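Quick note on numbering: the working numbering labels position 61 of the sequence shown as 1110, and the sequence is numbered without any gaps.
What follows is a set of notes on a single structure, which appears directly below.
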Amino acid sequence: MCFGLGLGCCVAVIEFFSYIGLVTVPIFGSFYGIETVLRLSILLIIHSLLAECFPQILFRIVPFLNLIMFIGLMNLPISLIPWPMIWLYDKVIWLAEPVLMIAEVVLLQNFVMRCSQYAADEIEREGDSIYLYKGGILLFSSLCYAVTASLAYEIFSSAAPSQVLCLFIVLLLLVALHNMMLMAHEGIISDCAFCSLISVTILYIMVVETKEISSPLAEPLLWTQTSESQSSVINIIGSIITMSSTKAQRSIEFLKRFVTPLFLGLLAIRLYGILFIISRATRNFFLDLNVSSEDIDYEDSEEVALSPLKSPLLLKVSVIFMLTQFTSGFLEEWSGQVRLPWLVVKFPPEVLIGRIVQIVSVNAFYMWRLYWAEDWTWNLWLT
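Next up, the structure:
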């Protein structure tokens, strides 16, 4: 019995080897560059696909088959992955970035709007917790405005003139937003406060990112060497462990930025956005799309909504893709690489178009919510 329990625990741990491999993605990127990150990511995706495609009875007969496949792939030379696949994967990551940047801020605003609506509904019922919900809304709104004011002052005192101009434009937009909120019968102060916080926070992130871009880190020499392209993942890990501190100094500078609060916070937001999109897409695939959102019992469909968490393949591939996208994007940014040089010519280098689009998107989404306040029904994809 103890042997069976121990074997079951080992099998459960092996199931998470793809997630354990994710920890090495930023490490590989810091030491060997973006191309190595893409190759490692593809190997992790291949492992997830193989683990899902094999009949489950094989895993019962051979409990460590998943581990054997994982070790086998990690011992293959990463150069076996053809260059066209690397190029295509890189372009898919690049094209998905603006879509996910917009989605993550809209979904954050949507989450707060749902919570605010729930609190407003509880207040209308005039139950015993009416003052608790009112106090919660006021406290949350006050915190949002306090942080917004602090970040706005920081931008005003330390940012470039073009970024300060963006701040004034955003503040004018927020004044108009508050005016719409007061005019709308269904306007809730916490929604507007959080929209203000998101807008100014995005602007603050843009200030931080442009400072990093303007003073890029020196690329490690290993990024341009091709000798490791014939090595396996296991060999590369060994070379990183045995590397001298002098040779690894530049790589460590990149690695330090992967554990900053800014990177980890943005990573958590992106993870929430991807999991939300996958869960709704999976749920709506099984639900009848011809049924209106009012006729759907979301409590009964909660199990379907959580289906990505019960789909190891979908969850693993999504998380691998997300971390690869984040790692490669920030490595380019920190090393001063520019994918679209013509944008730098047309726009000031202190203004990042992606962040401006995020600000416009979240404010447009909230304005759309206020415009349809009287006839608003939650869309199936936002619940």
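Think of the CB as a built atom: it goes at the ideal place given N, C-alpha and C, for glycine as much as any other residue.
Here the structure is a predicted model, which is why all the values come from computation and not from measurement.
Shown here for E1153: same chain residues with a beta carbon closer than 7 Å to its own, the five before and five after excluded, namely I1318, R1319, G1322 in chain order. In the DSSP assignment, F1103 falls outside any alpha helix (DSSP H), carrying neither H nor E.
Secondary structure of P1075 (DSSP, three-state): helix. Looking from the CA of A1198, the closest CA among T1073, F1217, S1079 belongs to F1217. Listed in chain order, the non-local C-beta contacts of R1404 below 6 Å within the same chain comprise I1251, M1255, local neighbours out to five positions each way being set aside. Going by C-alpha positions, L1266 is about 21 Å away from T1073.
The beta carbons of I1127 and R1088 sit closer together than 8 Å. The C-beta of V1368 has 16 or more other C-beta atoms within 10 Å across all chains shown, which makes the residue buried. Looking from the CA of Y1202, the closest CA among Y1253, V1282, H1227 belongs to Y1253. Cβ contact annotation for I1283 (same chain, cutoff 7 Å, sequence separation greater than five): M1123, N1124, in chain order. Counting only runs of 4+ residues, the alpha helix (DSSP H) found wholly inside the stretch 1201-1268 occupies 1210-1232, 1238-1263, in chain order. Shown here, P1398 sits in coil according to DSSP, grouped into three states, outside any helix or strand. From the listed residues L1157, V1406, A1209, F1243, the smallest Cα separation to L1223 is found for F1243. Beta-bridge partners of S1281 (DSSP): P1126.
Ranking L1316, R1174, M1292, I1172 by CA distance to the CA of M1371 puts L1316 first. For D1139, the enclosing alpha helix (DSSP H) starts and ends at 1132-1173. Contact annotation: E1382 and E1261 have beta-carbon atoms nearer than 8 Å. Closest option to G1082, judged by alpha-carbon separation, among Y1415, V1409, S1300: S1300. Looking from the CA of L1363, the closest CA among C1215, T1376, A1330 belongs to A1330.
Apart from the 5 residues on each side of it in sequence, V1411 sits with its Cβ closer than 7 Å to the Cβ of V1154, V1155, Q1158, C1244, I1247, S1248 in its chain, given in chain order.
Cβ-Cβ distances below 6 Å link Y1194 to A1242 in the same chain, with the five nearest sequence neighbours on each side left out; the list follows chain order. Under the three-state reduction of DSSP, T1085 is assigned to helix. Straight through space, the alpha carbons of Y1180 and Q1374 are spaced by roughly 44 Å.
By alpha-carbon distance to I1091, the top candidate from E1258, Q1166, I1142 is I1142. In this structure, S1079 places its C-beta atom within 8 Å of the C-beta atom of L1304.
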